[in-house]
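**Q** Residue numbers in the sequence shown follow our numbering, run continuously in steps of one, and reach 116 at the last position.
Take this structure first; my questions come after.
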Amino acid sequence: MFNIERKGSENRVLSYKDQNCVGCGICSEVCPTDSLRLGPTVPIARGLIEMDLVSVNADSCAFCGLCSSACPFGALDLTIDNVSIKELDVYPKWNVECSVNDDMSSGFNHLQKGAS
Ligand code: SF4
Ligand code: SF4
């Protein structure tokens, strides 16, 4: 868990909740300043290493909020003057959709029948 802050004409805070993070690494991929690091996910998940899955370099973070917008699990949040950017229309939002491919599903059933 971390909270980093930049004070100025507006106050920006980037917060991270490790309990929401699944270690997908999307945030570190989208960060334009290479400020986020994904730790060794398997040893952390197994409890062999005690550390957060994601760490931040507060010196290089630009408080742009891209990681906050991209995180699918709400583990990262950027606030501007105590308002989450997820509530601001000017920030990008992700539309997530999924569907089941019936062809793939029937093929899988065929394989299962063949195996029995
Ligand atoms: S995008 Fe979110 S869930 Fe994925 S590693 Fe980053 S903080 Fe964790
Ligand atoms: S706020 Fe922007 S610069 Fe800072 S860690 Fe997130 S994506 Fe990187």
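Heads up, the beta-carbon is just placed ideally off N, CA and C, and yes, glycines get one too.
Please tell me whether A70 and C27 are closer than 7 Å, where the distance is taken between their beta carbons.
**A** yes
**Q** Run the CB neighbour count on C67, radius 10 Å, all protein chains shown included, and call it buried at 16 or more, exposed below.
**A** By the neighbour-count criterion, in which 16 or more other beta carbons inside 10 Å mark a residue as buried, C67 falls on the buried side.
**Q** State the beta-bridge partners of D77 as determined by DSSP.
**A** As computed with DSSP, D77 is found in a beta bridge with S15.
**Q** Cα-Cα, which of M51, I49, D34, G65 is closest to V90?
**A** G65
**Q** If V56 sits next to L38, beta carbons under 8 Å apart, how far is it from one beta carbon to the other, in whole angstroms?
**A** Going by Cβ atoms, the distance from V56 to L38 rounds to 11 Å, so no, they are not a contact pair.
**Q** So, is R46 buried or exposed, given that buried needs 16 or more other C-beta atoms within 10 angstroms?
**A** A residue is called buried when at least 16 other Cβ atoms come within 10 angstroms of its Cβ; R46 does not meet this threshold and is exposed.
**Q** Any heavy atom of ligand 1 inside 6 Å of the beta-carbon of I26?
**A** yes
**Q** Restricting to runs no shorter than 4 residues, where is the alpha helix (DSSP H) found entirely within the stretch 14 to 99?
**A** Within the stretch 14 to 99, the complete alpha helix (DSSP H) runs of at least 4 residues fall at 26 to 30, 41 to 45, 66 to 70.
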